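*Asks:*
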Amino acid sequence: MAFVIEAPYPGVVTSHYLPNPLSGDSVNSVGSVEFKRSMNGKRFSYVKSRDKRKRLLWTFRLTHAKALELQAYFEAYISYKAKITDHMGKSYVGDFITNPFEFEAVGRSAPTAGNTLHTIQLEFQGFEQD
Numbered sequence: 027m028a029f030v031i032e033a034p035y036p037g038v039v040t041s042h043y044l045p046n047p048l049s050g051d052s053v054n055s056v057g058s059v060e061f062k063r064s065m066n067g068k069r070f071s072y073v074k075s076r077d078k079r080k081r082l083l084w085t086f087r088l089t090h091a092k093a094l095e096l097q098a099y100f101e102a103y104i105s106y107k108a109k110i111t112d113h114m115g116k117s118y119v120g121d122f123i124t125n126p127f128e129f130e131a132v133g134r135s136a137p138t139a140g141n142t143l144h145t146i147q148l149e150f151q152g153f154e155q156d
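So for the sequence shown, this note's numbering puts the first residue at 27; every next one is plus one.
(1) Just curious, the beta strand (DSSP E) that Tyr118 is in, first and last residue?
(2) My parser needs the alpha helix (DSSP H) runs of 4 or more residues fully inside the region 66-118; what are they?
(3) Beta-carbon within less than 8 Å of Gln97's beta-carbon, same chain only, minus the 5 sequence neighbours each way: which residues are those?
(4) Return the residue from the list His42, Tyr35 and Arg63 that minimises the CA-CA distance to Lys92.
(5) If I follow the unbroken beta strand (DSSP E) through Tyr35, where does it start and stop?
(6) On a CA-only basis, which of Ala108, Asn66 and Asn46 is nearest Gly37? Give me that one, please.
(7) For Phe29, which of helix, strand or coil comes out of DSSP?
(8) So who's on the other strand from Phe61, going by DSSP bridges?
(9) Just tell me which of Glu154, Leu94, Ser117 and Phe150 has its CA closest to the CA of Leu82.
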C-alpha cells in the first residue's frame with residue numbers, strides 16, 4: 027500500500043505519493059496533563075484527551091527528485107488541511123506541524139550526479155477517518 031498525501035482537503039486538487047516510511051513510525055493520542063493542589067495540600071493530576079486527535083510521526087528516505095517534489099508540494103499547500111492515507115491503509119485529516127521541513131542528505135542512490143538520498147521526518151496532527 028502506498029503513502030498518499032492529498033491537499034487541500036476536502037476539495038482535493040493534488041495527490042502526492044511517497045514510499046513507505048522507515049520503521050519506527052509512531053501514533054500517539056494528543057493530550058495534556060494538569061497538576062492541581064487542593065487547599066489541604068493534596069496533589070491531583072488530570073489527564074485531558076482532545077477528541078481522539080492523533081499525533082503521527084513518520085520518517086521517509088527519498089531520492090533527490092522526490093525530495094524536491096515534496097518540498098514544492100509543502101510550499102504550495104502547507105497552510106491547508108491535508109488527507110493522508112498511510113502505508114497501513116488508515117486515513118487521517120489534519121495539519122502538518124513540522125516546521126521547518128528539513129531534508130537531510132544521507133548518501134547516494136546511484137553513482138551518477140543528482141542521485142542523493144534524503145531523509146525527512148514529518149509530524150502530522152489530525153483525526154482518523156472511518
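Think of the CB as a built atom: it goes at the ideal place given N, C-alpha and C, for glycine as much as any other residue. Note that the structure is a prediction, hence the values are computed from the model and not measured.
*Replies:* Looking at the atomic coordinates:
(1) That run of the beta strand (DSSP E) goes Ser117 to Phe122.
(2) Taking only runs of at least 4 residues, the alpha helix (DSSP H) segments lying wholly in the region 66-118 are 90-103.
(3) For Gln97, where only same-chain residues beyond five positions count, the Cβ hits under 8 Å are Phe127 and Phe129.
(4) Between Lys92 and the set His42, Tyr35 and Arg63, the nearest pair of CA atoms involves His42.
(5) Taken as a continuous stretch (DSSP letters only), Tyr35 belongs to no beta strand (DSSP E), as it is neither H nor E.
(6) Nearest C-alpha to Gly37: Ala108.
(7) Secondary structure at Phe29: strand, using DSSP grouped into helix, strand and coil.
(8) Phe61 pairs with Ser71.
(9) If we check each option's Cα against that of Leu82, Phe150 comes out closest.
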